[in-house]
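Below you'll find the structure, written out as structure tokens, and then a few comments.
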Amino acid sequence: MPYWIKQPAELAERLAQRPARIGLDTEFVRERTYWPQLALVQMAVADEILLIDPLIPGMPQALAPWLSDPAILKVMHSASEDLVAFKCACGALPRPLFDTQIGAGLAGIGAGMGYQKLVQEITGVHLAKGETRSDWLRRPLSPAQLDYAADDVRHLFAIHDALQERLQTLDRSAWLHEDGERLLGTVEHDEGERWPHLGMRSAQFMDPPAQQRLLRLLRWRDVQARHSDKPRSWILDNELAATLARFPPGDRHALQAMLDKHPKAPRKLGDALWQALTTPLADEADAPLALAASDDNKAALKRLQDAVSARSAELGLADGLLASRKHLEALLEGGQWPQPLAGWRRRELEATLQPLLGSAG
Numbered sequence: 001m002p003y004w005i006k007q008p009a010e011l012a013e014r015l016a017q018r019p020a021r022i023g024l025d026t027e028f029v030r031e032r033t034y035w036p037q038l039a040l041v042q043m044a045v046a047d048e049i050l051l052i053d054p055l056i057p058g059m060p061q062a063l064a065p066w067l068s069d070p071a072i073l074k075v076m077h078s079a080s081e082d083l084v085a086f087k088c089a090c091g092a093l094p095r096p097l098f099d100t101q102i103g104a105g106l107a108g109i110g111a112g113m114g115y116q117k118l119v120q121e122i123t124g125v126h127l128a129k130g131e132t133r134s135d136w137l138r139r140p141l142s143p144a145q146l147d148y149a150a151d152d153v154r155h156l157f158a159i160h161d162a163l164q165e166r167l168q169t170l171d172r173s174a175w176l177h178e179d180g181e182r183l184l185g186t187v188e189h190d191e192g193e194r195w196p197h198l199g200m201r202s203a204q205f206m207d208p209p210a211q212q213r214l215l216r217l218l219r220w221r222d223v224q225a226r227h228s229d230k231p232r233s234w235i236l237d238n239e240l241a242a243t244l245a246r247f248p249p250g251d252r253h254a255l256q257a258m259l260d261k262h263p264k265a266p267r268k269l270g271d272a273l274w275q276a277l278t279t280p281l282a283d284e285a286d287a288p289l290a291l292a293a294s295d296d297n298k299a300a301l302k303r304l305q306d307a308v309s310a311r312s313a314e315l316g317l318a319d320g321l322l323a324s325r326k327h328l329e330a331l332l333e334g335g336q337w338p339q340p341l342a343g344w345r346r347r348e349l350e351a352t353l354q355p356l357l358g359s360a361g
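One point on numbering: in the UniProt record's numbering, the residue at position 8 of the sequence shown is 8, and numbering is uninterrupted.
Below, the structure is given as structure tokens:
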């Protein structure tokens with residue numbers, strides 16, 4: 001039976017033996033905010049499961065030193081959003097990290113595998129999904145919620161043991177550590193995406209000045225969303241951002257007229273929006289353009305993808321795990337290896353891809 005931890009002293013008592021590893025998961029709410037609201041922390045310790053209430057004053061601060069203790073391995077599954085929740089609530093990140101979703105991919109079991117499926121694959125246990133949309137900020141939590149939450153960490157150690165053995169056999173433990181550190185670094189140094197316009201499909205159909213305006217709007221939107229702790233789409237939705245970038249109003253009054261016609265327009269932010277739309281960014285001249293792929297580029301990308309598929313098959317990995325289409329496009333367009341392809345991925349791919357890059361032009 002899981003233990004409900006409602007006082008920081010109870011947490012310290014349960015962890016007094018300073019375990020070598022802990023299993024971690026969180027429940028959080030993010031529907032109406034930019035930042036996740038940490039609502040519950042599940043922790044597996046030896047043969048116990050602790051359900052920790054982070055809404056109790058002082059509890060996030062009590063958790064922080066355990067999260068950052070370098071002598072305690074943290075076992076998690078698909079940890080990226082949980083890391084953000086821990087950073088926001090506790091000011092600390094769980095390091096060192098063993099992400100079982102990453103581990104399953106590197107072990108050749110499957111890329112992007114969900115927790116329930118991985119539990120069944122490793123242990124044969126079938127888990128229910130009944131409480132995924134619960135209100136986790138409500139107190140008291142129901143027995144069904146508590147059971148569901150406990151299951152999220154109950155099998156982490158069994159999965160960790162199986163994956164660790166397989167990764168050691170394949171000599172890929174260093175790969176997992178590298179990917180875990182990259183994930184932690186992404187959360188730790190998150191300052192917003194530098195070129196967010198590249199992620200909007202409509203940008204490739206805009207001329208360069210329109211793409212620069214779109215970049216200004218999306219950067220402004222992200223700053224506003226972070227500052228106000230509201231979802232980006234509540235500040236400025238993609239459709240309106242694209243319209244303003246392609247058909248910029250001639251003055252502030254014309255902007256207001258456009259906003260008045262749009263049902264989700266940020267009317268109260270009109271002055272700030274005008275300033276963002278019309279003020280060049282210091283680095284916008286350096287911004288890469290989103291370009292519709294030419295026939296030559298499509299053929300070059302296909303050659304890279306085929307080479308990655310062949311190398312992935314040799315390694316027993318899913319294609320997307322070794323190199324995604326997005327990262328191959330960046331490699332093809334810029335000629336430089338993007339950061340997500342650094343480290344072990346570059347070592348495994350460079351001999352195969354570099355000759356193709358030389359012939360792509």
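Beta carbons are placed, not taken as given, at the ideal position from N, Cα and C, and that holds for glycine.
No experiment lies behind these values; they were computed from the predicted model shown.
> Hey, would you say residue 43 sits closer than 8 Å to residue 22, going by beta carbons?
Replying inline: yes
>> So the candidates are 212, 265, 324; which of them puts its Cα closest to the Cα of residue 279?
In response: 212
> Straight-line CA distance for residue 206 to residue 246?
Replying inline: 7 Å
> When DSSP labels each residue in this structure, what does residue 193 get in the three-state scheme?
Replying inline: coil
> In the structure shown, what three-state DSSP assignment does residue 362 receive?
Replying inline: Past the edges of the chain, shown from 1 to 361, lies residue 362, and the structure says nothing about it.
> If we count the other Cβ atoms within 10 Å of its Cβ and call it buried at 16 or more, is residue 36 buried or exposed?
Replying inline: buried
> What do you get for residue 75, buried or exposed, if any count of 16 or more other CB atoms within 10 angstroms of its CB means buried?
Replying inline: buried
>> Nearest by alpha-carbon distance to residue 69: which of 20, 256, 208 is it?
In response: 20
> residue 100 by DSSP, collapsed to three states: which one?
Replying inline: helix
>> On the criterion of 16 or more Cβ atoms from any shown chain inside 10 Å, does residue 161 qualify as buried, or is it exposed?
In response: exposed
>> Taking the straight line between their C-alpha atoms, what separation do you get for residue 39 and residue 194?
In response: 30 Å
>> Check for me: the beta strand (DSSP E) holding residue 3 runs from which residue to which?
In response: 3-5
> Skipping 5 residues on each side, what residues in its chain have a beta carbon closer than 8 Å to that of residue 93?
Replying inline: 67, 68, 83, 86, 87, 184, 187, 188
>> Does residue 275 come out as helix, strand or coil in the three-state DSSP assignment?
In response: helix
>> Using only the alpha-carbon positions, how far apart do residue 321 and residue 350 sit?
In response: 16 Å
> According to DSSP, which residues form a beta bridge with residue 21?
Replying inline: 73
>> I'd like the span of the beta strand (DSSP E) that includes residue 48, first residue to last.
In response: 48-52
> Does DSSP put residue 29 in a helix, a strand or coil?
Replying inline: strand
> In its own chain, which residues sit with a C-beta less than 8 Å from the C-beta of residue 361, not counting the 5 before and 5 after it?
Replying inline: Since pLDDT at residue 361 reaches only 49, below the 50 mark, its modelled position is unreliable, and the value read off the structure follows with that caveat. Around residue 361: no qualifying Cβ.
> residue 221 and residue 241: beta carbons closer than 8 Å?
Replying inline: yes
>> For chain E, check one thing: does any of its Cβ atoms lie closer than 8 Å to the Cβ of residue 302?
In response: Of the protein chains in the structure, only one exists, and it is not chain E.
> For residue 325, is the classification buried or exposed, using 16 other Cβ atoms within 10 angstroms of its Cβ as the cut-off for buried?
Replying inline: exposed
> If you draw a straight line from the C-alpha of residue 148 to the C-alpha of residue 287, how long is it?
Replying inline: 46 Å
> For the beta strand (DSSP E) that contains residue 290, what are its first and last residues?
Replying inline: Per DSSP, residue 290 belongs to no beta strand (DSSP E) and is neither H nor E.
> Of the choices 315, 52, 117, whose alpha-carbon is the least far from that of residue 63?
Replying inline: 52
> Taking the continuous beta strand (DSSP E) assigned at residue 40, which residues delimit it?
Replying inline: 37-45
> Using the C-alpha atoms, what's the distance from residue 15 back to residue 7?
Replying inline: 13 Å
>> Along the chain, where does the alpha helix (DSSP H) containing residue 135 start, and where does it finish?
In response: Careful: residue 135 lies outside any alpha helix (DSSP H) and carries neither H nor E.
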